[in-house]
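Student: There's a structure below that I have some questions on.
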Amino acid sequence: MPGILLCSGVSGAALALQSLELRVFGQAWLEALVLAILLGVALRSVWAPGRRWKAGTDFSAKTLLEVAVMLLGASIDPQTILAAGPGLVAGIAGVVALALAVSYGIGRLLGLPPRMAVLVACGNSICGNSAIAATAPVIGAHGDDVAAAIAFTAVLGVLVVLGLPLLVPLLGLSPMQYGVFAGLTVYAVPQILAATAPVGALSVQVGTLVKLLRVLMLGPVVVTLALLTKPEAGEHGAKAGVPLRRLVPWFILGFLALAGLRAAGLIPDAALAASQTAAGVLTVLSMAALGLGVDVRMLSRAGLRVTAAVVLSLAALGAIGLGLIRLLGIM
3 MPGILLCSGV SGAALALQSL ELRVFGQAWL EALVLAILLG VALRSVWAPG RRWKAGTDFS
63 AKTLLEVAVM LLGASIDPQT ILAAGPGLVA GIAGVVALAL AVSYGIGRLL GLPPRMAVLV
123 ACGNSICGNS AIAATAPVIG AHGDDVAAAI AFTAVLGVLV VLGLPLLVPL LGLSPMQYGV
183 FAGLTVYAVP QILAATAPVG ALSVQVGTLV KLLRVLMLGP VVVTLALLTK PEAGEHGAKA
243 GVPLRRLVPW FILGFLALAG LRAAGLIPDA ALAASQTAAG VLTVLSMAAL GLGVDVRMLS
303 RAGLRVTAAV VLSLAALGAI GLGLIRLLGI M
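Read in order, the letters of the sequence shown are residues 3 to 333 in this note's numbering.
Written out as structure tokens, the structure reads:
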């Protein structure tokens with residue numbers, strides 16, 4: 003409870019600042035989602051919450067955000083999925099495969115060990131820390147490699163969420179195009195909400211759909227790595243398997259189930275409005291928790307080679323994503 007109350011306080015401050023923006027400027031230049039992250043990071047930079055707060059902040063950052071993502075499935079318009087077209091699904095698979103190869107190549111050129119390069123490639127190309135955690139036992143990665151990869155993606159993931167909307171006017175992206183672009187570049191599924199909300203509802207729907215399809219690539223990738231990697235003792239003495247729940251998280255199944263119910267017309271309008279409101283509130287609360295969990299000093303611990311590999315790989319992923327948008331003629 004202390005950690006949840008702490009996140010609630012940061013969220014309340016973010017909502018108050020958004021309200022102040024509306025009164026002073028007539029519009030919110032920074033929405034509550036983004037403000038919650040920034041306030042959380044600012045607070046963490048001057049005060050590190052102790053053990054008393056940890057259970058609540060971890061619960062808010064993970065479980066509550068997963069619930070918010072699941073509820074978002076009820077708001078997915080079937081017409082949005084149809085408008086994306088079957089080519090987008092094949093394109094996402096192609097982007098992930100190409101990004102994996104390019105990112106691994108960048109890591110090796112920069113002198114990263116093979117397993118470290120695989121971790122960075124999977125984290126960038128699929129779903130950040132979740133992909134790193136799922137891949138590590140399969141390839142027998144050591145704990146220090148996993149920690150270095152996760153440390154940097156934790157910080158860079160927040161920077162991507164904050165900076166990505168700024169590219170909309172620079173690249174001339176439409177809401178549909180930006181949704182696809184964000185879905186292909188943002189690390190975690192929950193972070194897609196914060197990255198796309200400032201642009202519009204269409205971007206949120208498309209971005210979430212694309213990101214979920216990208217996450218579903220984790221299963222085939224992990225299975226392929228398991229087949230290609232030679233059995234070797236890892237940190238704990240043996241190469242371990244990956245539980246099914248890591249390949250297909252429960253909230254993704256819930257998201258798809260609610261999207262299916264929406265497509266079948268089985269969700270009443272009143273329930274739809276309530277789910278959207280609940281998802282919005284939980285997301286702001288979770289973004290506060292996410293900010294409270296980010297230690298900007300972790301950047302210096304990741305190492306120059308890892309930093310360069312992750313940044314260059316992310317830039318390559320963005321370029322590949324823009325290429326897919328142009329190739330498919332998404333408007």
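Ideal Cβ positions, reconstructed from N, Cα and C, are used throughout, including at glycine.
Quick caveat, the model's predicted, so the values are computed rather than measured.
Quick check on DSSP: helix, strand or coil for P116?
Tutor: By one-based count along the sequence shown, residue 116 stands at place 114. P116 falls in the helix class under three-state DSSP.
Student: Should S21 go down as buried or exposed, given a rule of 16 or more other Cβ atoms within 10 Å for buried?
Tutor: The sequence position of residue 21 within the sequence shown is 19, counting from 1. The residue is exposed, with fewer than 16 neighbouring Cβ atoms inside 10 Å.
Student: Sorted by chain position, which residues of the same chain lie with C-beta nearer than 6 Å to L260's C-beta, five sequence neighbours on each side aside?
Tutor: As a working mapping, residue 260 is identified with position 258 in the sequence shown. So the list reads G75 and A76, once near-sequence residues are dropped.
Student: Please list, in chain order, all residues of the same chain as Y106 whose beta carbon is under 6 Å from its beta carbon, the five residues on each side excluded.
Tutor: Position 104 of the sequence shown, counting from 1, holds the residue named residue 106. Excluding positions up to five away in sequence, the list reads A119 and A123.
Student: In terms of alpha-carbon separation, which member of I94, V224 and A310 lies closest to T187?
Tutor: Translated into the one-based positions of the sequence shown, residue 187 becomes position 185. Per the Cα distances, I94.
Student: Do A34 and L17 come within 8 Å of each other at the CB atom, strictly closer than that value?
Tutor: Start at 1 with the first residue of the sequence shown, and residue 17 comes out as number 15. Start at 1 with the first residue of the sequence shown, and residue 34 comes out as number 32. It is a contact, given that the beta carbons lie within the stated cut-off.
Student: In the structure shown, what three-state DSSP assignment does P4 receive?
Tutor: Taking the sequence shown and counting its residues from 1, one reaches residue 4 at position 2. Helix.
Student: From V224 to G323, what does the alpha carbon distance come to, in whole angstroms?
Tutor: Position 222 of the sequence shown holds residue 224. Position 321 of the sequence shown holds residue 323. Approximately 22 Å between the Cα atoms of the pair.
Student: Going along the chain, which residues of its own chain have a beta-carbon closer than 8 Å to the beta-carbon of G14, five neighbours each way excluded?
Tutor: As a first step, residue 14 is located in the sequence shown; it is residue number 12 there, counting from the start. Within the same chain, G14 has no close Cβ partners at all.
Student: Go ahead and pull the three-state DSSP assignment for E23.
Tutor: On the sequence shown, position 21 is the one that residue 23 refers to. Looking at E23 - three-state DSSP - the assignment turns out to be helix.
Student: Which one of W49, V208, T279 and F61 has the shortest CA to CA distance from M3?
Tutor: Position 1 of the sequence shown, counted from the start, is the residue given in the question as residue 3. Of the candidates W49, V208, T279 and F61, the one whose C-alpha sits nearest the C-alpha of M3 is F61.
Student: Alpha helix (DSSP H) containing P200: first to last residue?
Tutor: Taking the first residue of the sequence shown as 1, we reach residue 200 at position 198. Here P200 belongs to no alpha helix (DSSP H), and DSSP marks it neither H nor E.
Student: E33 by DSSP, collapsed to three states: which one?
Tutor: Here residue 33 refers to the residue found at position 31 of the sequence shown. Of the three classes helix, strand and coil, the one that applies to E33 here is coil, per DSSP.
Student: Hey, how far is the Cα of L211 from the Cα of L319?
Tutor: In the sequence shown, residue 211 corresponds to position 209, counting from 1. In the sequence shown, residue 319 corresponds to position 317, counting from 1. Distance between the alpha carbons of L211 and L319 is about 18 Å.
Student: With L66 and L284 assumed to form a contact (beta carbons below 8 Å), what rounded beta-carbon distance in angstroms separates them?
Tutor: By one-based count along the sequence shown, residue 66 stands at place 64. By one-based count along the sequence shown, residue 284 stands at place 282. Going by Cβ atoms, the distance from L66 to L284 rounds to 5 Å, so yes, they are a contact pair.
Student: Mark T279 as exposed unless 16 or more other C-beta atoms lie within 10 angstroms of its C-beta, in which case mark it buried.
Tutor: In the sequence shown, residue 279 corresponds to position 277, counting from 1. Under this definition T279 is an exposed residue.
Student: Hey, is the stretch 134-148 in contact with the stretch 157-169, meaning 3+ C-beta pairs nearer than 8 Å?
Tutor: Contact fails: fewer than three Cβ-Cβ distances are below 8 Å.
Student: Report yes if the CB atom of P177 is closer than 8 Å to the CB atom of V201, and no otherwise.
Tutor: On the sequence shown, residue 177 is found 175 positions in, with the first residue counted as 1. On the sequence shown, residue 201 is found 199 positions in, with the first residue counted as 1. Going by C-beta atoms, P177 is nearer than 8 Å to V201.
Student: In chain order, what residues of the same chain lie with their CB nearer than 8 Å to the CB of V48, ignoring the 5 residues before and after it?
Tutor: Indexing the sequence shown from 1 puts residue 48 at position 46. Answer for V48: no residue qualifies.
Student: Mapping DSSP to helix, strand and coil, what is S105?
Tutor: What you label residue 105 is simply residue 103 of the sequence shown in a count that begins at 1. Three-state result, S105: helix.
Student: How should L253 be labelled, buried or exposed, when 16 other C-beta atoms within 10 angstroms of its C-beta is the threshold for buried?
Tutor: Walking along the sequence shown from the start, residue 253 turns up at place 251. According to the sequence shown, residue 253 is Phe rather than Leu. It counts as buried.
Student: Does G256 come out as helix, strand or coil in the three-state DSSP assignment?
Tutor: For the purposes of this step, residue 256 is taken as residue 254 along the sequence shown, with counting starting at 1. Of the three classes helix, strand and coil, the one that applies to G256 here is helix, per DSSP.
Student: Using beta-carbon positions only, say whether L41 and A197 come within less than 8 Å of one another.
Tutor: In the sequence shown, counting from the first residue as 1, residue 41 sits at position 39. In the sequence shown, counting from the first residue as 1, residue 197 sits at position 195. Against a cut-off of 8 Å, the Cβ pair of A197 and L41 comes out as no contact.
Student: According to the neighbour-count rule (16 or more other Cβ atoms, all chains shown, within 10 Å of its Cβ), is H238 buried or exposed?
Tutor: As a first step, residue 238 is located in the sequence shown; it is residue number 236 there, counting from the start. Only weak support is given to the placement of H238: the predicted model assigns it a pLDDT of 41, under 50, and the question is left unresolved by the model.
Student: Taking the continuous alpha helix (DSSP H) assigned at D271, which residues delimit it?
Tutor: As a position in the sequence shown, residue 271 is number 269, starting the count at 1. Its alpha helix (DSSP H) spans residues D271 to L294.
Student: Could you pull out every residue in the same chain whose Cβ sits closer than 8 Å to the Cβ of P51, ignoring the five residues on either side in sequence?
Tutor: Residue mapping note: residue 51 aligns to position 49 of the sequence shown, counting from 1. Once the five neighbours on either side are set aside, the close Cβ partners of P51 are G5, L8, T59 and L294.
Student: Taking all protein chains shown into account, do 16 or more other C-beta atoms lie within 10 angstroms of the C-beta of A240, making it buried, or fewer, making it exposed?
Tutor: For the purposes of this step, residue 240 is identified with residue 238 of the sequence shown, where counting begins at 1. Per-residue confidence for A240 stands at a pLDDT of 43, beneath the threshold of 50, marking its modelled position as unreliable; no derived number is given.
Student: May I have the straight-line CA-CA distance separating V97 from L326, to the nearest angstrom?
Tutor: The residue given as residue 97 occupies position 95 in the sequence shown. The residue given as residue 326 occupies position 324 in the sequence shown. Rounded to the nearest angstrom, the two C-alpha atoms are 8 Å apart.
Student: How many angstroms separate the CA atom of G181 from the CA atom of L268?
Tutor: Along the sequence shown, read from residue 1 onward, the residue named residue 181 stands at position 179. Along the sequence shown, read from residue 1 onward, the residue named residue 268 stands at position 266. Each residue's Cα considered, the two are about 26 Å apart.
Student: From the DSSP output, in three-state form, read off I332 for me.
Tutor: The count along the sequence shown starts at 1 and reaches residue 332 at position 330. Three-state result, I332: coil.
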